[in-house]
Structures are given as structure tokens and as C-alpha cells.
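What follows is a short report on a single structure.
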Amino acid sequence: MTRVPSVDWVALAPVVAPLLGVVLVLVVDAVAPRAARLARVHDALAVAGLVAAGAAVTWLAVDGAARSTVCVPGGDGEAGLVLPSCSYVVSDLTLTLQAIAVVGALGCLLLAVDGPAAADRTPHHVLLLSAVAGVAALAGARDLATLVIALETASLPAVGLVALRRDAQGAQAGITLLLTAVASLGLLLLGVALIHAATGELHLDRIATALSGPDLSGAVLAVAGLGTVLGVAGIGFKLSAVPFHLWTPDTYAGAPLPIAAFLAVVSKTAGLAAVVVLLALGLPALAGSWGLVVAVLAAVTVTVGNLVALRQRVAVRLLAWSTVAQAGWVLLPLGAAVDAASVPTAVAASVGYLVAYAAATLAVFTVVVLLARHHPAGEEHTLADYRGLARREPVAAAVLGFGLACLAGLPPGVMGLVAKLVAVRPLVDNGVWVIAVIAAVNVVLGVLYYLRWGALLVAAPGAGDGAPVTWRVRPAEGLVLGGAAALCVAFSVLPQVVAGVLPGVLR
Amino acid sequence: MTMLAENPVADFSDDTIWVVLGKALFIFVFLVVGTILMIWAERRVVARMQSRPGPNRFGPFGLLQPLADGVKLILKEDITPRAVDRVVFVVAPIISGTAAFLAFSVIPFGPEARIPFTDIRTPLQLTDLPIALLFILAAAAVGVYGIVLGGWSSGSTYPLLGGLRSSAQVISYEIAMALALVSVFLYSGSMSTSAIVDAQASGGTAQLFGMTLDLPSWHAITLLPSFVIYCIAMVGETNRAPFDLPEAEGELVGGYHTEYSSTKFLLFFLAEYVNMFTVSAIATTLFLGGWRAPFPLSLWDGANHGWWPMLWFVLKVAIFMFCFIWLRGTLPRLRYDQFMALGWKWLIPAALGWTLVVAGLRATQQFESVSTQKVLIGVAAVIAALLVVVLFIDWLVSPEERRQPRQAAEPQAVDPFAGGYPVPPMPGQRLARTSGPVLVAQQVPAAGQDTTDEEQDSQPGEEARRG
Amino acid sequence: MSPYVPILVLLGIAFAFSLLTVGLGMILGPRRYGTAKMEAYESGIQPTPRAVGGGRFPVKYYLVAMLFIIFDIEGVFLLPFAVAFDSLGMFALAEMVLFVATVFVAYAYVWRRGGLEWE
Chain Y
120 MTRVPSVDWV ALAPVVAPLL GVVLVLVVDA VAPRAARLAR VHDALAVAGL VAAGAAVTWL
180 AVDGAARSTV CVPGGDGEAG LVLPSCSYVV SDLTLTLQAI AVVGALGCLL LAVDGPAAAD
240 RTPHHVLLLS AVAGVAALAG ARDLATLVIA LETASLPAVG LVALRRDAQG AQAGITLLLT
300 AVASLGLLLL GVALIHAATG ELHLDRIATA LSGPDLSGAV LAVAGLGTVL GVAGIGFKLS
360 AVPFHLWTPD TYAGAPLPIA AFLAVVSKTA GLAAVVVLLA LGLPALAGSW GLVVAVLAAV
420 TVTVGNLVAL RQRVAVRLLA WSTVAQAGWV LLPLGAAVDA ASVPTAVAAS VGYLVAYAAA
480 TLAVFTVVVL LARHHPAGEE HTLADYRGLA RREPVAAAVL GFGLACLAGL PPGVMGLVAK
540 LVAVRPLVDN GVWVIAVIAA VNVVLGVLYY LRWGALLVAA PGAGDGAPVT WRVRPAEGLV
600 LGGAAALCVA FSVLPQVVAG VLPGVLR
Chain C
-16 MTMLAENPVA DFSDDTIWVV LGKALFIFVF LVVGTILMIW AERRVVARMQ SRPGPNRFGP
44 FGLLQPLADG VKLILKEDIT PRAVDRVVFV VAPIISGTAA FLAFSVIPFG PEARIPFTDI
104 RTPLQLTDLP IALLFILAAA AVGVYGIVLG GWSSGSTYPL LGGLRSSAQV ISYEIAMALA
164 LVSVFLYSGS MSTSAIVDAQ ASGGTAQLFG MTLDLPSWHA ITLLPSFVIY CIAMVGETNR
224 APFDLPEAEG ELVGGYHTEY SSTKFLLFFL AEYVNMFTVS AIATTLFLGG WRAPFPLSLW
284 DGANHGWWPM LWFVLKVAIF MFCFIWLRGT LPRLRYDQFM ALGWKWLIPA ALGWTLVVAG
344 LRATQQFESV STQKVLIGVA AVIAALLVVV LFIDWLVSPE ERRQPRQAAE PQAVDPFAGG
404 YPVPPMPGQR LARTSGPVLV AQQVPAAGQD TTDEEQDSQP GEEARRG
Chain G
33 MSPYVPILVL LGIAFAFSLL TVGLGMILGP RRYGTAKMEA YESGIQPTPR AVGGGRFPVK
93 YYLVAMLFII FDIEGVFLLP FAVAFDSLGM FALAEMVLFV ATVFVAYAYV WRRGGLEWE
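Chains as they are written, first to last, in our numbering: chain Y, 120 to 626; chain C, -16 to 450; chain G, 33 to 151.
This is the structure we're talking about:
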């Protein structure tokens, strides 16, 4: 009798809900292709899919029960009792990452709702929802195969989304992203295969057990270590960590702006989820080795991102480089891991930083989208075009300013400040002083360009500016603007949410 | 729950390397001789269908004609055009020629039999795997490489397009083919060829007027739609008429092997015929009971023992091969868009739907908790839900959008001789005039104005030239 | 003996035959030089240089290849499902109906969007 796995659909709801949305959108379009009248129906179905996923995440968080599904039974192995292992586990970590992805995707979807033409609406919604389902699955993935497939489901639709602009620049951005995605998939697969070869296990908890054994041969450790490095490199592409960042500026500039926001928020979440799941859950025993690799990677990423961002004039490109730097910040706490015991604090700090980063980035991108829509240069507009925005559009300028302050870590952006402190604390605690000093220098670098941008907002309008265009903010955009601002304010008032994100995140 | 054979039924444990070598040689010779006979038969049968005698000079009934052709091909010059990619150009026919034989290694020719003049008993089958059918699909897929690489490496337009067409065709029909196999696996519970033949040994029984009747056991009868889909797909898969578009000589000369000559061409030719044998043998094994004797013969106990089954197997394969010839002599070639539409819009959905039907039927037989009634209710509910969804969405589309007549584009008047030589009009274009190039300098008709009559009046010489 | 050994034996025979045939043609055939003979054949007109080194072809073939991969993966799931159907029970049937329905929705979408039209 072949063993039939049981499936807990409630646990999987955050993954299944967006996919149901995908199927419904496709059904509607298959019955009436390109019907302009149904554009709102497509939008409603896509939004409903995300809202349902959000509701499922909330319900699971409130319910609080430990759930897991698609398990293999344990038993008496050669080395004693083997616990049952599951491919998908609902934990605080899972739910936090899923919440970030769903909220971020909802924001990007609402921003994009009036963007793509009616003909492109179905592909846009379908790809976006598929990517969200991928991130949601990734957050709960607890075996290597699920991890890889979920990560690809999360990242490949982004290629299609970027190319939806349907011009030469969009095509170039799409191809760049595709080549990067394929190359990184190769590295990741190789790394995962080596880890599997070293341990003979697929489930992360079993790999962790296998690698923490007392008498491991050097060869096993070497193979696992090589696999870890390759895996980190593969995921580094998705996170756009230096030196795997080269696709970022071109892709952000070539993509429709809401999609750039999607890449910045949801794809980054996917990258971090993959890193955390692979390193913290599967390889905590090797923390001493990968901690150093990640620390160097993060330090270089932060520094390069900030230095190049300093020189950017085009708003989108500055944001692209700033996300590179922020990806370094997200990774930084993980670099402080020196042994298995220090991993949980590091992960909590990373996820906390990601929460703050996602909220602030969404706020900034919303204002950039709005300005691009009302500016003749469109997505190519420069920082100079923000001169005097505070007088023309005080609300948007306030949100942008606050978002920038949060990204920089300056008051009143308490959220960002706390996140940065939390990120550096594990480094200090574990005595990784060199990296901590580099981080401190980078705080200053970041403040420089965020502050310059913020200062432009309140500067007097320069001569030669035409008559200011009055912004017409659509309801969906207003919702995102308000929501993102509310999140930033809320996290700044209650920074302990970011600071202590869930100490038991690795329960 | 019946326990079905999941693994090969045939037992190969006693085979020595010599037996294996002998069987492999036999398969090879069988296929080469079969190809020679098939070429002869094809030419003779098509000739008869067209009221010609066909080749009748070499040997009795012209039987040696294909051999003479082969010798001629070997003695021909082996041309390697300048533009080809030399390595791939040689490798491609070798891939095709080698891969074609592979699939036959898991085809059962018969049950266990004694090799003449020895005491060795062995199954009349080279080998069998638990995944034999997957192996066959994989071997067929390798053959596509030969076609694509041959077309690509020729450095010429016709072979390139022919190779692409051919591979697109093979992969399109491979889907329908694989889906047709699913229902066979459902009923036999195995992918091993010997187990599938075994599963067709006996069907169920039915009580009619107090008599016990044996129901037919061949999958061709119990799974008729699968059989039909497979048969269509196998013709498409082998690029044979009426689906021989890759070598549509009116469009592409010879298709992917236009640039090939001498023995390299011979290998492609051989591979095509061996592939026909392969798909026919698969059809026989999966749907016609393999080597098992057909109905009236099966009443004789000895029919399924010893060497007799090989005769039944060869006869069944021969019937398929005759059908290939028959199709070629009867049907005209399809247009490429019609061909792709047939594969993608008819065969695939039909195969998918039928697979689900078979799975539902099988569930009613196998699982106590599933009754026919329940399945029917489920199917009805699904169809009703689909209808409701479709109607609802249709209702959502505004009436204006639905009833809006297609804006028929105003036919654009074109001058077919504008470029100096005649060009046929594109769809939606209207000929502005029909006379020859002499006119170009004299008169350019205004667009949308019908000038044909005037021209005929003003150009009497045109009529004379045409006549 | 592994059941794959006989396959290798047949592969060896077929490969040797192919090599021998190609070699025979190279040895036995005459060699006569001719300029026109060495050109790519295009029914007698000047060959288009485009086809050399791969050439360009309609992107439609790429779409066919993509669709093939989707359906081939469907086959990858369907074939083992069919073999193990009797022992998997109702769970497998329900899962497979869900799976096929999902693929079918995508298929209907591709069809309605014109992905299966060949001009």
C-alpha cells in the first residue's frame, strides 16, 4: 500500500488563497478574453485572493496552534529515534514572512491596478499572485525540494511582470532578470544538492540533526560547507547582495514602477525567507562558517549600495541602489551568528529589520509612483523634481519624508532607528567589531543621501519649473499611501514590535 | 482490491550474455529486414492503389528493389555542403539511426520459448523494465535531437524550417500520445510491457441468457478512445502522410534532410521506417494484446505458447504497417495550421477528458466507497458549475461588447504589379487591377476605385498577350 | 544482470551499424568537386545566407516548446499516478482531478488568448 500523505488545507491557506485567485482570474479571462468591462472583476478577484491570504495568516496567528502538513513519519532509525518531519510548518517565522509578503503585494497590486492596459491585466494579476503564493510557500518550506521550488515560484513570475512594459527597455530588464534568475537557480540547485549529498536528508530539521552529530568526518563538513556557500550565493542573487547585485538598477529602471516596488518588497522577502529557512533552520550547526560569509557579504553589500546610491540622480535608480544597501542591512544580523545558540537572536533581528524596511519602502515607492504619473519625464524623473513638493502636495511629501527618515534611521523615523540598532546589537554582542564599525559608517552614508532627498522636499521651488500639476490621487493609490504611512507611524510608535520581533521566531 | 503486477512479469534472470547478444542481433536484423520489406511493400501497394505495377524488375515481384536502392545510396557521393556545421552534420544522422532501434528493446515478441537446438528457455523479449513505457518515450524523444540537429547544422533555409516543423510536430503529438497511455496504465497498473500484455490476457465475464461470456480483454476495445487517439498521434509522431509536413516537397523540398546525401540520408530514411515499426509495436503491445492470439485462435490452447505468439505479434504489426501505406495512398497532406489545431485543440483535450473518465470508471470498480451514482452526480455537478460560471461571466460582459459586430476592415486595394512582378493579394486586400507590368508607368489607379473594366478597354493588347 | 545491460547491447549494435554506414558512404562514394553542389540547396536560386549558423525562425516555435513543457510535466505527474491509482485510493483521484482542472484552466486561457493559433 502506497502511503498517502495527509494535507492540512487550513495550514496551507495562505499559499492556496492566492493560487485560487489565479485560477479564477484565468477562468474569467478564458471565458471572455480581453473584455474591458471585466477589468474590475479581474482586479477584484486578485485583491480578494490576497485579502483571503492575509485573513488566513491572521487567523492562523490568532489561533496560535502549531500546525504542520505533508509529513513523513518518524521511526527507529539506525541512530536512534527519528522524529517525524514535515515539508510545511506554520510557525511565527512563517506567519511573519507571509504577512510581509501579502501586505507588500497588496500594496503593489493596488498601485498597479490602473497601470497595465486591459489586455495585460490578466497576466499581471496572475503573475503577481503566483509570486506571492511562492513566497508564502517558501516561508513555510521545511525541506530542500520545497524550498527550491517555492523560491523559483516566487522569483520567476517577476520576470514576466518586468517584461510587461512591452518596450525595449522592459524587454532588456526582463532578459537581465531572467538570466540572473536562471544562473542563481543553477547555483542554488548545486548547493542544495551538495547539502543533500553530505547529509543524505531532505528535511531541514533532519539535516540540522545530521550536521550536529559529534563525529562528523571532515569530508562531510567540507561538502556541506561548499553547498552552503553555493546556496547562499544562489539566494544572494534574489536578495541582490553584492557581488550578485548587477541586475538590480537596470531591472528597477526598466520595470513598471509598481513592479519595481514589488521587487523591492516581496522579492526581497522571498530572498530573506530562503536565507533564513536554509541557514537558520537547516544549517545552524555550521553557523560558525556561514556567519562569516554572510557577514562579509552583508558588509560589502551595504557599503557598495550606499556608495553608489550617493551618486544617483534618477529617483528610481537611487531607490534601486538603496534597496541593495538595505538588503545588506537585512543580512547583517545573520552575519553575527557564531554558533547554533546565537542564530535565533540574529534571525529575529533580520526579520525585524525586514518589517521596517518593507513598510518604509512601500511608502516611498507609493509617492514615487504618484510623482512619476504626474511628471512629464515619467519614471525617469530625477531627485530635482521633488524640489518644493512639500508646498504643492504636503501629505505625499510628509509620507515620503517620513519613509525616507525610517529608511535612514533618523528620528522621527523611530522604526528605522530601532531596526538598525537591533541589527547591529547581535554584532556587538558576539564581538564582530569590524562589521559593526562598517555598519556604523554606513548609517552615516545612508543618512547623507536620504537626507538630501528629504531636504529637497521642503526647499523653495526652483526657477524654471512649470506650473505645478495638481495631483489626482486615485482611491487605490490613496489607500496604499495611507496604509503604508499608517504602518510606518504605528511601528515608530510601537518600536518594540520591530525590536523584539517575536523573540520566539524560531520556536 | 486486486493486486496487479507492478513489475515485469517476464523473467530474465536466466539470460546469459550470449542469449542477450543473440536477441539483440535478432531485433536488429528484424528491423532492418522489416524496413526493406516495408519499402518494397509501400511502393508495390501504393502502385496498386494507383493502378501501376510498381517496381518489378529486381528479384521476384521486385523484392530486391530496396536492396538495390540501398547499394546505390552507399555508392553515391557523400556531399558535405560548405555552410554546414561539420561535426553536428555527421552526428545528427547517427543519433537518429541509433535512437530508433532502442525502443524495441522492451517490446515483447512472445512469451517464454525454447531457443531451437538448445535447452535454453528465455522470454522472447530483449529486456523489460518497471518503467518500460517511460523508456520508450525517452528513446523517441532522443530521436527528435537527430532531426533538429540535422536541420540546424545544414546551414540552409529549408532544412532549418523542416527540422523545426518536424520537432514541433513530434512534441505536439507526443503529449496526446502520453495522455493516451495514461488510461492503459490505469487499467494494467504497470508501465512494464510484459505486465501490460499480461493484463490483457483475460477480460471480465458477463452473464447473458444463462451463459458465461468472456468479455473482450484487449485495451483497443475496452479503451477505444485511447486507441483512436494513440493511432492518430502515432502517425503524427512518425511524420507520415497525411501528417508528413516536415518534408512537404511543395514547400520545403525534403525538409530536414534536404542537404543530406548518400549513407547519411540512408540513416534518416531507415530511422523513419524503424520508428514506424516502433509505434506499431507499441500499439500492438498496449492495445491489441501484444503477442496474444486473437479471438478465434485463442480458443486453441497452443496458440499462446512457444513460437506461435511471435507470428501473431508480427501479423498485428503488419496490419498497422499496411494502414500506414493505406493512409499514404489515400489522404492528402494537411495544412500546417490544421495539423497543429488538430493536435492542440482536439487530441489533447479529448485525451485529457477521456483520462478523467477512465479514472472515474476505475474508481467505481476499485473503491467500495465510490458508486457509479456518486460519480455521475459529481460529474453533473462539475458540468453545472462550469456552465453557471461561464454564463455568469458572459452576462458580465456588456451587451454592447458582445453584440458589437466585428469591424470588417475595408478591403485595401493593392496593385499586384507594384513591385515589378506579380504578387498575390493578402487576405483582406483587393486587387486594384489585374493586368500586367506594362501598365505600371502609364496609370496608377486610385485606391478604392474599381478600374478593372477601364483597363480592359484601354489595353486590348493585354488580352491578346494573355490569350 | 541489470535489466539495462541488454539495452546497452542493442545500443552498441545500432551505434556500430550507424558508424559503419556513414563510414562506408565516405569511403565508397566518388568525390567530384562542383561549386554549385557545395552551396545550400534552395531550388536553384542564390541561397540565403541567413540560415548559416542557426538562422532566424518564427518565435511561434518557442511558444510550442513552452506549451510542450507544461503538458509534459502534466504527463510526469499523470503517469505514476495512473500506475499507482489502485493503491492510492480516492485521495489520488481527487488530487488529480484538481490538478487536471487547474492545468485545464491555463490551457483554456492560452487557447482563448490565441496561443494555439498558427498563422
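Even glycine gets a Cβ: it sits at the ideal position worked out from N, Cα and C.
query, result
"Coil, strand or helix - L107 (chain C) by DSSP", "strand"
"Chain Y contact for V129 (chain G) (CB, 7 Å cutoff)", "no"
"Extent of the continuous alpha helix (DSSP H) run through L297 (chain Y)", "A287 to T318"
"Neighbour flag for R145 (chain G) against chain Y, beta carbons, 7 Å", "yes"
"Where Y141 (chain G) meets chain Y, residues with beta-carbon distance less than 7 Å", "L145, D148 and A149"
"Cβ neighbours of V189 (chain Y) in the same chain (closer than 7 Å, five flanking residues each side left out)", "P124, V126, C205, S206 and Y207"
"Proximal chain G residues relative to V70 (chain C), where beta-carbon distance stays under 8 Å", "None at all; the shortest Cβ gap to chain G is about 13 Å."
"Closest by C-alpha distance to A83 (chain C), when choosing among C:A368, C:Y256, C:S149 and C:A334", "C:Y256"
"Residues of the stretch 62 to 80 of chain G with Cβ closer than 7 Å to any Cβ of chain C, in chain order", "P62, R63, R64, K69, M70, E71, A72, Y73, E74, S75, P79 and T80"
"Unbroken stretches of the alpha helix (DSSP H), 4 residues or longer, contained in the stretch 19 to 62 of chain C", "48 to 58"
"Proximity test, Cβ basis, 7 Å: P428 (chain C) and chain G", "With a pLDDT of 49 at P428 (chain C), under the threshold of 50, the predicted position of this residue should be treated as unreliable, though the coordinate-derived value follows. Chain G, which has no Cβ nearer than 7 Å to the Cβ of P428 (chain C), makes this no."
"Residues near G134 (chain C) in its chain [Cβ-Cβ closer than 6 Å; skip 5 each side]", "P142, L143, G145, G146 and Y239"
"A182 (chain C): CB within 6 Å of a non-hydrogen atom of the ligand SAH", "The model on display carries no ligand, and the ligand SAH is accordingly not part of it."
"Environment of T67 (chain G) [buried if 16+ CB atoms lie within 10 Å]", "exposed"
"Cross-strand partners of T464 (chain Y) (DSSP beta bridge)", "Bridge partners of T464 (chain Y): none, in fact."
"Residue burial classification, I378 (chain Y) (beta-carbon count within 10 angstroms, cutoff 16)", "buried"
"Endpoints, the alpha helix (DSSP H) within which L629 (chain Y) is located", "This structure does not reach residue 629 (chain Y), given that chain Y is present from 120 up to 626, and the question cannot be answered."
"Inter-residue spacing [alpha-carbon to alpha-carbon] between I204 (chain C) and Q183 (chain C)", "11 Å"
"Cutoff 7 Å: V108 (chain G) Cβ touching any chain Y Cβ", "no"
"Simplified DSSP state of G466 (chain C), which is helix, strand or coil", "The structure shown does not extend to residue 466 (chain C), since chain C spans only -16 to 450, so no value can be given for it."
"Reference M128 (chain G), options C:I265, C:V340, C:A7 and C:E242, closest by Cα", "C:V340"
"Cβ of V142 (chain Y) within 7 Å of any chain G Cβ", "yes"
"Cutoff 7 Å: T134 (chain G) Cβ touching any chain C Cβ", "no"
"Rounded distance between the beta-carbons of A372 (chain Y) and V421 (chain Y), thought under 8 Å", "So it is not a contact: roughly 21 Å between Cβ atoms."
"Alpha carbon of Q615 (chain Y) to alpha carbon of V395 (chain Y), nearest angstrom", "21 Å"
"Members of the stretch 275 to 306 of chain C near chain G, C-beta cut-off 8 Å", "none"
"Enclosing alpha helix (DSSP H) for Q217 (chain Y) [first to last residue]", "D211 to A231"
"Validate contact between the stretch 268 to 278 of chain Y and the stretch 290 to 297 of chain Y using beta carbons, cut 8 Å, 3 pairs", "yes"
"As assigned by DSSP and simplified to three states, the class of R413 (chain C)", "strand"
"CB of L228 (chain C) within 7 Å of CB of R148 (chain C), strictly", "yes"
"Span of the alpha helix (DSSP H), counted from its first residue to its last, around S185 (chain C)", "Where S185 (chain C) is concerned, there is no enclosing alpha helix (DSSP H), given that its DSSP letter is neither H nor E."
"Test: V167 (chain C) CB closer than 7 Å to a CB of chain Y", "no"
"E446 (chain C) burial status per 10 Å Cβ neighbour count (16 or more: buried)", "Interpretation of E446 (chain C) is limited by its pLDDT of 43, a score under 50 that renders its predicted location unreliable; the figure taken from the coordinates is listed afterwards. E446 (chain C) is exposed by the Cβ-count criterion."
"With 16 other Cβ atoms within 10 Å as the buried cut-off, status of I179 (chain C)", "buried"
"R186 (chain Y) - partner residues in DSSP beta bridges", "Y:V209"
"V131 (chain C): first and last residue of the uninterrupted alpha helix (DSSP H) it sits in", "A115 to S136"
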